[in-house]
Amino acid sequence: MYDPVGGPVGVGVAELLAAVGWATSIVTQDQVAGTQLARTGDLADANTRLLRASVTRELRSLLREVGAGHAVLEDRWTGEQRTVDCALAVHCGHRLPDEALYLSRPGTPRAGDCVAPRTVHEAVLEGRRVAMAVGAGPGRPVMAAGQSVLAGRI
Amino acid sequence: MSAPGRYRYLFSPLRVGPIVVRNRIVFAAHLTNYAQDGLPTAQHAAYYAARAAGGTGLIITEEHSTHPTDWPYEKLIHGFHPAVIPGYRRITDAVHAHDVPIFAQLNHNGGQASSMFSRLPVWAPSAVPDPMFREVPKAVELHEIAEIVAGYGTVAWHCAEGGFDGVELQCSHSSIVRGFLSPATNLRTDAYGGPLPNRARIVMEIIDAVREAIGPGRALGVRICGDELIEGGSTLDEAVEVARLVAATGKVDYINTSIGVATATLFMIEASMTIPPGYALFIANAIRRAVPLPVVGVGRIKDPVQAERALAEGHCDLVGVVRGQIADPDFAAKARAGFATHIRTCLSCNQECVGRMGLNRWLGCIENPRTGREAQSLPAPAAPGKRVIVVGGGPGGLQAAAAAAQRGHRVTLYERQARTGGQVAAAASVPSRAEFLDVVRNLLAECQRYGVEIRTGVEATPQMVRAALPDAVVLATGARPQPPHWAGGHPRVVDVRDVLEGRLRPTGDVVVIDDLGFHQATSTAELLADRDCAVEIITAGMVVGQDLGITLDMETFNVRAHAKGIRQSTDLVVMAAAPDGESGGVTLTLLHHPTGEQRERRCDWVVCATHQAPEDSLWHELAGSAFTVDRVGDCLAPRRAHAAVAEGHRAGVAV
């Protein structure tokens, strides 16, 4: 599991793979796994679950190469490289927006991951804004021009 | 000798576009977290005014956000809102009262942000997430680029209305403009991506918009990153080329410089004491040789001699001294008057400035208790001449004595050791922490200047204190090591202070226990490794030295630890220590708390960085005295040096 994000997905998939019997490692540039889980209160618990499931945490490491039966990891700070066994690499990194439809007609109202892939929170928030803006006249519903953060928002 | 005699360049005036600065010392832009609800505050005005009163040549404020999509941290000034103008006027009036020019820094942090505060998509040139915020940004469309450019113009106009003498465009370490300039974060294929002139297009457009907004009577500067220090990022050659493009517009009056990216290589922007002073001057040097504009050099320049040397060697025309003036607002005035040794020199410890910023707290300083409190008046002094006794010559006691003496009281300080300094002296005995000693050196010098009678090698007793008939007593008697509950009286389970203060010299295989998460364990481990010990640091936490992250020491410590062969083990709780038979060593029983597994670890010595006990016997013995007794720092509760200094100051001014 290569997890440069540190969110719930990387940790969750690592747990899933370990649960079905794969010898699993989670590779992160951070000093602990799943750093973004701190804001949900799951950071320590997640690391404990990984360790109890015998998931190897390859910490402060960058994934430099995946080859036949191996992967090359690099220490983020020292540059030291090491090779680990690897039959399958799962990339759990950031995604790109699917903009094909939008680019065919720029300016079409859009919300969520096709604007920028983030979490379900932003998708719901922007979906609501788009819906509220229907029939409200021209404008860009994701962020109304001139609207100030000091003025509050929907 | 006059200031020009002592400093050939530092106190010479310089024209920066339409502005003339009276000396070359710049209080360059830095975050303060003093804003409230997006607006500048009275604290901003008092903070900058104090540095203006202290003689700095030029002030450049913290960043002013140019667009609602830019809100990466809570206490950002929303410069795009016209409600900021009265606050701007309060700042500029306060600074101009000291005849010092002040510029405002304009910025949009671009992808180096999250949507947590704005609840809007983060904007960036391409959908490349920042390595710290880790949020995929929205790749801006052409009409949004136009909106960004217009935002800079709007904020520049607000700044002009608010009385600023100029503005600076932050295109360097945390900026959407940096994002466009950098090949690592700009993957566009339109007119704003690809070759450098395209990537720099937005800079040119912003310069046009801002110059039009501020007119010819105000200065315009551009701050450029000389090396992002990231893979595929901008390097010095491109930075010099950007400077040439900027200068060629004929609309810019000076170039400022920086190094690193605020989120990926922050430890090189606000370097701690482990990075040599002047480390980023090579950037200013290269740009200065390429453009006919004044150039600001930066990089942990913390005393006037270093600043003078940077100018004399031709690296730059102006010198950014930020932390040096956070620590001592009168940095420039003291240097100019020939009292450079009176400057409360910055330690580059990063504890209360950078560290507090990272924790969303207001900017402070470990050795200047007034930093961040400039808008709050001190209590009126009592009638001078009170008899004050301070017991303890660490940072808390020295600060209490200096503050009381400065307010006209007769102060005697007793220190039982042969020298003042307390635990700071021990902490600074590790080579990589040597500059930490400046906090007590500076305070001792202040005590001497204000006439404190300092008696070292004297153990203060209750009888002695009472016999002196004091009006007030301040206890700063520090803390004493206490062995962990599991130590069992083993002679080779010792405290870091035993090592740092030279009472014991462990050899062989040494385990260092990190219960505190700061420099105590890591620096002792380095010292032992330097003495050819095989060292392993063990902590119950998830990270060794976890608080090194907030002071930006984590990266450099880990690089040194790797080079010295120091091993690090986490999630381990020490359960017991037992004699290791004939070797005289120790066998530790360790619990891996996430899994419940136990293991044994045999070693020759165990050195503990663990919580101390307050040395408060004199406090109890003086209870019920006719005079007031206050206690500060570790003898109240063992913490870090900033608490001792802050409490010492409070006690000193409260006499």
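Protein sequence lines, in the order shown, are assigned to chains A and B. Residue numbering for the first sequence follows this note's numbering, beginning at 15 and increasing consecutively. Residue numbering for the second sequence follows this note's numbering, beginning at 2 and increasing consecutively. Where a beta carbon is used, it is the ideal one built from N, C-alpha and C, also for glycine.
Between Arg212/B and the rest of its own chain, which residues show a CB-CB distance below 7 Å, the 5 nearest in sequence each way excluded?
By one-based count along the second sequence, residue 212/B stands at place 211. These residues qualify, in order along the chain: Leu221, Lys252.
Where the beta strand (DSSP E) containing Leu170/B begins and where it ends
Mapped onto the second sequence, residue 170/B falls at position 169. Segment 167–172, the beta strand (DSSP E) holding Leu170/B.
Ala285/B versus Ile208/B - alpha carbon distance
Here residue 285/B corresponds to residue number 284 of the second sequence, with the count starting at 1. Here residue 208/B corresponds to residue number 207 of the second sequence, with the count starting at 1. Taking the straight line from one Cα to the other gives about 21 Å.
What in chain A is Cβ-close to Ala128/B, meaning under 7 Å?
For the purposes of this step, residue 128/B is identified with residue 127 of the second sequence, where counting begins at 1. By Cβ distance, chain A contributes Leu110, Pro111, Ala130.
Of all the CB atoms in chain A, is at least one closer than 8 Å to the CB of Glu136/B?
Numbered from 1 along the second sequence, position 135 holds the residue referred to as residue 136/B. Yes, Glu136/B counts as interfacial toward chain A.
Determine, using beta-carbon pairs with one atom in the segment 387–405 of chain B and one in the segment 645–654 of chain B, whether at least three such pairs fall under 8 Å.
yes
Three-way DSSP call (helix, strand, coil) for Tyr8/B in this model:
The residue labelled residue 8/B in the question sits at position 7 within the second sequence. Three-state result, Tyr8/B: coil.
Is DSSP giving Val497/B helix, strand or coil here?
Numbered from its first residue, the second sequence carries residue 497/B at position 496. Val497/B: helix per DSSP, three-state reduction.
Assigned secondary structure, Leu573/B (DSSP; H/G/I helix, E/B strand, else coil)
Residue numbering aside, residue 573/B sits at position 572 when the second sequence is read from its first letter. Leu573/B: strand per DSSP, three-state reduction.
Determine the closest residue to Ile327/B out of Ile367/B, Phe340/B, Gln307/B, with distance taken between C-alpha atoms.
For the purposes of this step, residue 327/B is identified with residue 326 of the second sequence, where counting begins at 1. Selected option, being the one with the closest Cα: Ile367/B.
Run through chain B and tell me which residues come within less than 9 Å of Leu65/A, C-beta to C-beta.
In the first sequence, residue 65/A corresponds to position 51, counting from 1. Ordered by position in chain B, the residues that pass the 9 Å Cβ test against Leu65/A are Asp572, His593, Pro595, Thr596.
Around the C-beta of His105/A, are 16 or more other C-beta atoms found within 10 angstroms, so that it is buried, or is it exposed?
What you label residue 105/A is simply residue 91 of the first sequence in a count that begins at 1. By the 10 Å Cβ count, His105/A comes out exposed.
Hey, does Val46/A have any beta-carbon neighbour from chain B nearer than 8 Å?
Start at 1 with the first residue of the first sequence, and residue 46/A comes out as number 32. Answer yes: the Cβ-Cβ gap between Val46/A and chain B drops below 8 Å somewhere.
With H, G and I counted as helix, E and B as strand and the rest as coil, what does DSSP make of Gly300/B?
Against the second sequence, residue 300/B aligns to sequence position 299. DSSP places Gly300/B in coil when its eight states are reduced to three.
From what residue to what residue does the alpha helix (DSSP H) around Trp620/B run?
If you number the second sequence from 1, residue 620/B lands on position 619. Its alpha helix (DSSP H) spans residues 618–622.
For chain A, find out if any of its Cβ atoms is closer than 8 Å to the Cβ of Pro122/B; answer yes or no.
Walking along the second sequence from the start, residue 122/B turns up at place 121. Judged by the 8 Å Cβ criterion, Pro122/B is in contact with chain A.
Cβ atoms of Leu294/B and Arg25/B: under 8 Å apart, would you say?
Residue 25/B sits at position 24 when you count from the first residue of the second sequence. Residue 294/B sits at position 293 when you count from the first residue of the second sequence. In this structure, Arg25/B sits away from Leu294/B, with a CB-CB distance that is not shorter than 8 Å.
Opposite Cys604/B in the DSSP bridges: which residues?
Position 603 of the second sequence, counted from the first residue, corresponds to residue 604/B. DSSP lists Val587/B as the beta-bridge partner residues of Cys604/B.
Could you check if Gln44/B is buried or exposed, using at least 16 other CB atoms within 10 Å of its CB as the buried criterion?
Within the second sequence, residue 44/B is the residue found at index 43, counting from 1. Burial call: buried.
Should Thr92/A be flagged as near chain B, meaning a C-beta pair shorter than 8 Å?
In the first sequence, the residue the question calls residue 92/A occupies position 78. Yes, Thr92/A counts as interfacial toward chain B.
Along the segment 526–549 of chain B, where does the CB come closer than 7 Å to a CB of chain A? Name the residues.
Met543, Val544
Could one say the Cβ of Gln171/A lies closer than 8 Å to chain B's Cβ atoms, at least one of them?
Residue numbering for chain A in the displayed model covers 15 to 168; residue 171/A lies beyond these limits and cannot be assessed.
Once the 5 residues before and after Asn361/B are set aside, which same chain residues still bring their CB inside 8 Å of it?
Residue mapping note: residue 361/B aligns to position 360 of the second sequence, counting from 1. So the list reads Asn34, Tyr74, Glu75, Lys76, once near-sequence residues are dropped.
From the DSSP output, in three-state form, read off Trp91/A for me.
In the first sequence, the residue the question calls residue 91/A occupies position 77. If DSSP states are grouped into helix, strand and coil, Trp91/A belongs with coil.
Test: Leu139/A CB closer than 8 Å to a CB of chain B:
Residue 139/A sits at position 125 when you count from the first residue of the first sequence. Interface residue, yes.
Gly154/B lies in the alpha helix (DSSP H); which residues open and close that run?
Position 153 of the second sequence, counted from the start, is the residue given in the question as residue 154/B. Secondary structure note for Gly154/B: its alpha helix (DSSP H) is the uninterrupted segment 143–162.
Give me, in chain order, the residues of the same chain whose beta-carbon lies closer than 6 Å to that of Val453/B; leave out the 5 immediate sequence neighbours on both sides.
Start at 1 with the first residue of the second sequence, and residue 453/B comes out as number 452. Closer than 6 Å at Cβ, skipping near neighbours: Ala402, Ala406, Val412, Leu414.
Measuring CA to CA, which of Pro131/A, Ala130/A, Val19/A is closest to Leu76/A?
Here residue 76/A refers to the residue found at position 62 of the first sequence. If we check each option's Cα against that of Leu76/A, Val19/A comes out closest.
What is the rounded straight-line gap between the Cα of Asp3/A and the Cα of Arg132/A?
Chain A is shown only over 15 to 168; residue 3/A falls outside these bounds and no answer can be derived.
Going along chain D, which residues have a C-beta under 9 Å from Lys139/B?
In the displayed structure, chain D is absent; the protein chains listed are A and B.
Should Ser570/B and Ile539/B be called a contact, given that it needs their Cβ atoms to be closer than 8 Å?
As a working note, residue 570/B is residue 569 in the second sequence. As a working note, residue 539/B is residue 538 in the second sequence. Against a cut-off of 8 Å, the Cβ pair of Ile539/B and Ser570/B comes out as a contact.
Buried or exposed (CB count within 10 angstroms, at least 16 for buried), Ala272/B:
Counting from one through the second sequence, the residue named residue 272/B turns up at place 271. Its Cβ being crowded by 16 or more others within 10 Å, Ala272/B is buried.
8 Å Cβ cutoff met for Phe268/B and Glu556/B:
Position 267 of the second sequence, counting from 1, holds the residue named residue 268/B. Position 555 of the second sequence, counting from 1, holds the residue named residue 556/B. It is a contact, given that the beta carbons lie within the stated cut-off.
Burial state of Arg641/B, where buried means 16 or more other Cβ atoms lie within 10 Å
If you number the second sequence from 1, residue 641/B lands on position 640. Classification of Arg641/B: buried, given that the 10 Å Cβ count is 16 or more.
Please list the segments of the alpha helix (DSSP H) lying wholly inside the segment 308–353 of chain B, counting only runs of 4 or more residues, in order along the chain.
You should have 324–328, 332–337.
Going by alpha carbons, who is nearest to Arg456/B out of Leu445/B, Pro463/B, Gln464/B?
What you label residue 456/B is simply residue 455 of the second sequence in a count that begins at 1. Checking every option, the nearest Cα to that of Arg456/B belongs to Leu445/B.
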